[in-house]
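In what follows, a single structure is set out as structure tokens and then discussed.
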């Protein structure tokens, strides 16, 4: 049996992962949501990113403790630095912080076919769309936040095909954020 890919994504109530000007200041990591996200990272053998999200993450997490006193950030920063990471990109040639670069979904499919490569995909609408179209995402953990952004980047860059999913869990965190967890 192969490995599993879980898509972990924060979205607004109107379906966006960032606002019209790229803003991502609206997700609130309360104590319950923070604890759940840490549990999910324990499942991961590696974190998975597209290039754009990778650049945002690698610009923050290596120095998170210098930039933030938020308890979630302080706890997650060393986990991020220690966990292997994979970036799928056609343009990025190399990356720091224990990171491997793959050129596309075909390489990722080969990796996923092997046991011991459970991956958590953090955000990224283009990569999430491409992996969904290839049938590579096994589970979607969508965290809906109580904000309407009125535009921006949608959760999926393109909806190329219909995909029926099975709802396996709903849960409310910190009386604000709702998890919709679906499996293929």
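Residue numbers (the numbering used here): 760 to 943. Note that the Cβ used here is the ideal one computed from N, Cα and C, for glycine as well.
Task: Residue from 857, 787, 785, 781 whose Cα sits closest to the Cα of residue 820 - done: 857
Assign residue 846 to one of two classes, buried (16 or more other C-beta atoms within 10 Å of its C-beta) or exposed (fewer than that). buried
Out of 885, 779, 842, state which residue places its alpha-carbon closest to the alpha-carbon of residue 863.
885
Original post:
Across which residues does DSSP place residue 767 in a beta bridge pair?
Top reply: 881, 900
- request: Report the three-state DSSP secondary structure of residue 864 (helix, strand or coil).
  value: helix
Exercise. Classify residue 792 as helix, strand or coil using the three-state DSSP reduction.
Key: helix
Quiz item: Where does residue 809 sit, in a helix, a strand or coil, going by DSSP?
Solution: strand
Counting Cβ pairs closer than 8 Å, one from the region 769-789 and one from the region 923-937, do we hit at least three?
yes
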